[in-house]
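Peer 1:
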Amino acid sequence: MEIPKYCPYCGSKNLEELMPTELLVDNTPWFINHYECQNCLEVFDKIILPEDEFFDNPSQNN
Ligand SMILES: [Zn+2]
């Protein structure tokens, strides 16, 4: 599971991971992680896609 490095709002690395949400999309589980920044108290989400190598494939030929 990938954890974001810093808050997108203030750049703080002091993040609290909240209870994730699981969705079923086409019978594939997607996880939505929720993080609360302990510095500015903003909450943001990160969607964990089941196939994130889909985005990296073309770069193999460089
Ligand atoms: Zn923040």
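Taking this note's numbering, the leading residue of the sequence shown gets 16, the next gets one more, and so forth.
No residue lacks a Cβ here, since even glycine has one placed at the ideal position from N, Cα and C.
(1) Say the cut is 7 Å; is the CB of N48 nearer than that to a heavy atom of ligand 1?
(2) So, using beta-carbon positions, are N48 and C22 closer together than 8 Å?
(3) Within a Cβ cutoff of 6 Å, which residues of the same chain sit near C25, ignoring the five residues on either side of it in sequence?
(4) Helix, strand or coil: how does DSSP classify E32 here?
(5) Does DSSP put L64 in a helix, a strand or coil?
Peer 2: The relevant details are as follows:
(1) In the sequence shown, the residue the question calls residue 48 occupies position 33. Not under cutoff, so the answer is no.
(2) Counting from one through the sequence shown, the residue named residue 48 turns up at place 33. Counting from one through the sequence shown, the residue named residue 22 turns up at place 7. Going by C-beta atoms, N48 is not nearer than 8 Å to C22.
(3) Position 10 of the sequence shown, counted from the first residue, corresponds to residue 25. Here the set comprises N54, C55.
(4) Against the sequence shown, residue 32 aligns to sequence position 17. In the structure shown, E32 sits in a strand (DSSP, three-state: E or B).
(5) Translated into positions along the sequence shown, residue 64 becomes position 49. L64 sits in coil when the DSSP states are folded into three classes, being neither helix nor strand.
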